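For the record, in the sequence shown the residue sitting at position 147 is 128 according to our numbering, with numbers rising by one throughout.
Only one structure is covered here, and it is reproduced in the block below.
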Amino acid sequence: MGWMKDLSRRDFLSSVGAGTLSLAIAGCDTGERIDPLSPVAAPFKPTAKVTLKINGASKPFQFIHLTDVHLCECDARNPELIEFMARRKNDFRKPEQTARNLFNHLNTLESDFMVITGDLVDVPTRANLEKAKKLLDSIDAFWWFTMGNHEWGGRAIPRDREFWSSEYRLWTYQPLNWYYKQLHGINLLFLDNSNYQITRDQLTRTRVLLDTGRPCIMFAHIPILIDTLVKPVNDRWGMPICIGGEPVDMERRLSWDMGPTIEPATREFLALVRSHPGMKAIFSGHLHFNHTDEYQPGYPQYVTGAAYENVYRRVTIEPA
Ligand SMILES: [Fe+2]
């Protein structure tokens, strides 16, 4: 089967890095109000199909961007979390059922690979790790993953990113801190920025990668802050939960695992991304709504809405 043809929203055709991506496309859609008790029903909700023309791509390819599934399975192996996870399962409207149907649907679409940018689980319970593995094993394509804050923060026991990163060997042997894959002339960069910071090592590796001259597309859970994101992200979450979001309420900032301040390497990373001609596009999640805007003129960041609401994004890369 081919790509779904009944697109409910406009298609975008962007030529990245050529200054042709109009600021007019900047925008966000926080979605319809939903009844939290009703199940999520089909039809699936693809965002506008994105086509990016990139100078340096050797042939066209297609992928699916998926994020924020928030699985809420829990059993007697995590007795202290059973009550909490039952409430969350209700909040997210039975995300396991939604995900199973959505993954089946995605397998019917033509794509060369899929990227899941984090918060696959709401809390890393043993039952969630197993459920997630089954879902990942069901993907009929190559896939890559980036860590979300919910993979290790919040109610996780222990609340320890290093501990859970190694546990996710159950899902994949892909290095989760920083990893890239070269495909058809493009570097696909997968980065863990799930504590809102970039390490000095991640910064150095990214700079070296960009300086190779090969065009790069970055996938990471947390988007970088762009002017047009400030209002919608504050309206939805009460503070700018993005890379580069300045501290407002320290207690809340720490409760979100953001750390007390924006570290120097993170600021340098932001400056690099906002200026380097090799960073052609960014795909992220975390905010649970769709948003598109440029982080430097002609270079788009796509925030994709949450998969627990059946949302996903389809992307085609074409040679410029
Ligand atoms: Fe998140």
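Here a beta-carbon is modelled for each residue, glycine too, at the ideal position from N, C-alpha and C.
These numbers come from a predicted model, not from an experiment.
Q) How many Å lie between Q163 and M66 at the Cα? A) Against the sequence shown, residue 163 aligns to sequence position 182. Against the sequence shown, residue 66 aligns to sequence position 85. In a straight line, the C-alpha of Q163 is about 39 Å away from that of M66.
Q) With burial defined as no fewer than 16 other Cβ atoms inside 10 Å of the residue's Cβ, what is the status of A57: buried or exposed? A) Against the sequence shown, residue 57 aligns to sequence position 76. A57 comes out exposed.
Q: Please say whether V214 and L268 have beta carbons closer to each other than 7 Å?
A: The residue you call residue 268 lines up with position 287 of the sequence shown. The residue you call residue 214 lines up with position 233 of the sequence shown. Their beta carbons are under 7 Å apart, which means L268 touches V214 by this criterion.
Q) Given A246, which residues of its chain have a CB within under 7 Å of its CB, disregarding the five upstream and five downstream residues? A) As a first step, residue 246 is located in the sequence shown; it is residue number 265 there, counting from the start. Correct list, in chain order: I179, T180, R181, L184.
Q. Would you report the Cα separation of F140 and V104, rounded to the nearest angstrom?
A. By 1-based counting over the sequence shown, the position of residue 140 is 159. By 1-based counting over the sequence shown, the position of residue 104 is 123. Note on residue identity: the sequence assigns Arg, not Phe, to residue 140. Distance between the alpha carbons of R140 and V104 is about 10 Å.
(Q) Once DSSP output is grouped into helix, strand and coil, what is the label at L4? (A) The residue given as residue 4 occupies position 23 in the sequence shown. Model confidence at L4 stands at a pLDDT of 32, short of 50, so the residue's coordinates are unreliable; what they give is reported in the following sentence. L4 falls in the helix class under three-state DSSP.
(Q) Along the chain, where does the alpha helix (DSSP H) containing F65 start, and where does it finish? (A) Position 84 of the sequence shown, counting from 1, holds the residue named residue 65. F65 -> alpha helix (DSSP H) spans 63 to 72.
Q: Could you tell me whether any non-hydrogen atom of ligand 1 is closer than 6 Å to the CB of Q103?
A: Numbered from 1 along the sequence shown, position 122 holds the residue referred to as residue 103. Correcting the residue type first, residue 103 is Asp in the shown sequence and not Gln. It does not: the Cβ of D103 is nowhere closer than 6 Å to a heavy atom of ligand 1.
Q. Comparing the CB of D173 with every heavy atom of ligand 1, is any distance shorter than 6 Å?
A. Residue numbering aside, residue 173 sits at position 192 when the sequence shown is read from its first letter. D173 Cβ: outside cutoff for every heavy atom of ligand 1.
(Q) Let me confirm a value: A252 is counted as buried when at least 16 other C-beta atoms fall within 10 Å, else exposed. Which label applies? (A) What you label residue 252 is simply residue 271 of the sequence shown in a count that begins at 1. Label assigned to A252: exposed.
Q | Separation of P24 from N304, as counted between CA atoms | A | Outside the shown range of the chain (-18 to 301) lies residue 304, about which nothing can therefore be said.
Q: Have a look at E61, F250, H165, G279 and flag the residue whose alpha-carbon is nearest the alpha-carbon of P204.
A: Taking the first residue of the sequence shown as 1, we reach residue 204 at position 223. Between P204 and the set E61, F250, H165, G279, the nearest pair of CA atoms involves F250.
Q: For N130, verify whether its CB is less than 6 Å away from any heavy atom of ligand 1.
A: Along the sequence shown, read from residue 1 onward, the residue named residue 130 stands at position 149. Indeed, a heavy atom of ligand 1 lies less than 6 Å from the Cβ.
Q) Can you tell me whether DSSP reads V296 as helix, strand or coil? A) Here residue 296 is taken as the residue at index 315 of the sequence shown, counted from 1. Three-state result, V296: strand.
Q. Less than 7 Å separating the beta-carbons of I198 and A262?
A. Reading the sequence shown from its first residue, position 217 is the one you call residue 198. Reading the sequence shown from its first residue, position 281 is the one you call residue 262. Yes, the Cβ-Cβ distance between I198 and A262 is below 7 Å.
**Q.** C-alpha distance - F72 paired with H202, whole-angstrom precision
**A.** Position 91 of the sequence shown holds residue 72. Position 221 of the sequence shown holds residue 202. Residue 72 is actually Asp in this sequence, not Phe. Their Cα atoms are separated by approximately 21 Å.
Q. Quick one, which of H86, G194, G225 has its alpha-carbon nearest R295's?
A. As a working mapping, residue 295 is identified with position 314 in the sequence shown. It is H86 whose Cα lies nearest to the Cα of R295.
Q: With a 10 Å radius around its C-beta and 16 neighbouring C-beta atoms as the bar for buried, classify T242 as buried or exposed.
A: Along the sequence shown, one-based indexing puts residue 242 at 261. When all chains shown are included, T242 counts as exposed.
Q: Please classify F144: is it buried, with 16 or more other beta-carbons within 10 angstroms of its beta-carbon, or exposed?
A: Within the sequence shown, numbered from 1, the residue matching residue 144 stands at position 163. Flag for F144 reads exposed.
Q: Name, in chain order, the residues that DSSP records as bridge partners for V284.
A: Start at 1 with the first residue of the sequence shown, and residue 284 comes out as number 303. Paired residues: S265, H272.
**Q.** Straight-line gap, P221 to Y177 (C-alpha atoms, nearest Å)
**A.** Within the sequence shown, residue 221 is the residue found at index 240, counting from 1. Within the sequence shown, residue 177 is the residue found at index 196, counting from 1. Their Cα atoms are separated by approximately 11 Å.
Q.
If I follow the unbroken beta strand (DSSP E) through H51, where does it start and stop?
A. Counting from one through the sequence shown, the residue named residue 51 turns up at place 70. Per DSSP, H51 lies in no beta strand (DSSP E) segment and is marked neither H nor E.
Q: Please report the residue range of the alpha helix (DSSP H) in which Q183 lies.
A: As a working note, residue 183 is residue 202 in the sequence shown. Start and end: 181 to 192.
Q | From K115, Y161, P196, residue whose alpha carbon lies closest to that of R186 | A | On the sequence shown, position 205 is the one that residue 186 refers to. Nearest C-alpha to R186 among K115, Y161, P196: Y161.
Q.
Any heavy atom of ligand 1 closer than 6 Å to the beta-carbon of H267?
A. The count along the sequence shown starts at 1 and reaches residue 267 at position 286. Yes.
Q.
For R136, which residues in the same chain have their Cβ closer than 7 Å to its Cβ, ignoring the five residues on either side in sequence?
A. Within the sequence shown, the letter at position 155 stands for residue 136. Answer for R136: L62, F65, V104, listed in chain order.
Q | Cα-Cα separation, A38 to T297 | A | The residue you call residue 38 lines up with position 57 of the sequence shown. The residue you call residue 297 lines up with position 316 of the sequence shown. C-alpha separation (whole angstroms): 11 Å.
Q. Helix, strand or coil: which one does DSSP assign to K162?
A. Taking the sequence shown and counting its residues from 1, the one referred to as residue 162 is at position 181. Taken through DSSP and simplified to helix, strand or coil, K162 comes out as strand.
Q) Going straight from the alpha carbon of P300 to that of V96, what length do you get? A) Position 319 of the sequence shown, counted from the start, is the residue given in the question as residue 300. Position 115 of the sequence shown, counted from the start, is the residue given in the question as residue 96. Each residue's alpha carbon lies about 21 Å from the other.
Q.
Measuring only from the beta carbon, is D72 closer than 6 Å to any heavy atom that is part of ligand 1?
A. To locate residue 72, count along the sequence shown from 1; it is residue 91. Answer for D72: no, Cβ out of range of ligand 1.
Q.
According to DSSP, is A29 part of a helix, a strand, or is it coil?
A. The residue you call residue 29 lines up with position 48 of the sequence shown. Here A29 sits in coil by DSSP.
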